[in-house]
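This report refers to the structure that appears directly beneath it.
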Amino acid sequence: MTTLALENLEMTYGNGVRAVAGLDLTVAHGELMVLLGPSGSGKTTTLRLIAGLIRPAAGDVLFDGQTMLDVPPERRGVVMVFQQNTLFPFRTVGENIEFGLRMRKTDRQDRQTRVGDALAAVQLSGFEDRWPDELSGGQKQRVALARALVVRPELLLLDEPLSSLEPALRAEMRDTITHLQREIGITTVLVTHDQLEAVAMADRIALMIDGRIRQVGSPLEFFERPADADVARFFAGSNLIPGDERRER
Ligand code: ADP
Ligand code: MG
Numbered sequence: 018m019t020t021l022a023l024e025n026l027e028m029t030y031g032n033g034v035r036a037v038a039g040l041d042l043t044v045a046h047g048e049l050m051v052l053l054g055p056s057g058s059g060k061t062t063t064l065r066l067i068a069g070l071i072r073p074a075a076g077d078v079l080f081d082g083q084t085m086l087d088v089p090p091e092r093r094g095v096v097m098v099f100q101q102n103t104l105f106p107f108r109t110v111g112e113n114i115e116f117g118l119r120m121r122k123t124d125r126q127d128r129q130t131r132v133g134d135a136l137a138a139v140q141l142s143g144f145e146d147r148w149p150d151e152l153s154g155g156q157k158q159r160v161a162l163a164r165a166l167v168v169r170p171e172l173l174l175l176d177e178p179l180s181s182l183e184p185a186l187r188a189e190m191r192d193t194i195t196h197l198q199r200e201i202g203i204t205t206v207l208v209t210h211d212q213l214e215a216v217a218m219a220d221r222i223a224l225m226i227d228g229r230i231r232q233v234g235s236p237l238e239f240f241e242r243p244a245d246a247d248v249a250r251f252f253a254g255s256n257l258i259p260g261d262e263r264r265e266r
């Protein structure tokens, strides 16, 4: 497992947009941190910096206290699940999940076992030979999750994994993710713009506005002690009942 630390991160794109502006954040071993913020606040950019897909202009990305700046993405032990479905359309479900293991030269027997285990974990046992276009949106997201977890990453990054799903499927997938995350105990950063989703899933929430983290705390702390008027306003946008579902389980 991995502790993640982001220290004074800066990222300005070529067009001059300062997407991440002096960002500090730490995520504990096995924690599910929800990075919450409005569209354009820099959430996806932050995940890309953690994964090593882009390099910060300044600041540091540390895993267990070690800087990752010179470590290429494939060596970081990080997997990122994107908002849109990114399964390979001309590979079966089994081949999609197995892909990362082939890249790592895992032997055939081991691959089969691990693909079966990964499918079981997302409640899709027996789906190995299906094609992506035979699956519902929710099933595709489950396969994407299985494909991420099969390589046993140290750190899981989820970019709005529920936003492309119909409302009816969202709660189900939300539970799949939180249960699986707790069971495996993997350090996770989940991005969303949806307060309700954040409150339902997070150990802690980091609220991001304009490239900065404005407040970090438990869902309850956001209701009881919002750091400032912007934070309070962002939360007031929805009719939420304060509570902490995860603690009660
Ligand atoms: P979020 O995920 O919170 O919606 P992003 O990290 O995608 O926010 O974007 C933050 C800001 O950076 C936005 O203003 C966006 O337009 C800009 N941005 C994102 N990606 C790029 C890019 N590849 N090139 C230029 N600007 C970008
Ligand atoms: Mg985004």
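For the sequence shown, the working numbering begins at 18 and goes up steadily by one. Idealized CB from N, CA, C, for every residue including glycine.
query	result
Give a yes or no on whether the C-beta atoms belonging to Ala22 and Leu70 are separated by under 8 Å.	no
Take the Cβ of Leu86 as the centre, count every other Cβ of all protein chains shown within 10 Å, and call the residue buried at 16 or more, exposed below.	exposed
In three-state DSSP terms, what is Thr84?	strand
Whole angstroms is fine: what's the gap from Leu52's alpha carbon to Ala45's?	14 Å
Measuring alpha carbon to alpha carbon, tell me which residue in Arg187, Val160, Ile203 is nearest Arg169.	Ile203
Measuring only the C-alpha atoms, how far is Met225 from Asp124?	42 Å
Indicate the three-state DSSP secondary structure (helix, strand or coil) for Ala188 in the structure shown.	helix
Identify the continuous beta strand (DSSP E) that holds Gly154 and give its terminal residues.	Per DSSP, Gly154 belongs to no beta strand (DSSP E); it is in the alpha helix (DSSP H), 154 to 166.
Report yes if the CB atom of Gly117 is closer than 8 Å to the CB atom of Val160, and no otherwise.	no
Suppose you measure from the CA of Asp150 to the CA of Lys157; what does that come to, to the nearest Å?	9 Å
Which of the three DSSP states is assigned to Pro182 in this structure?	Rather than Pro, the amino acid found at residue 182 in this sequence is Leu. Three-state DSSP puts Leu182 in coil, outside helix and strand.
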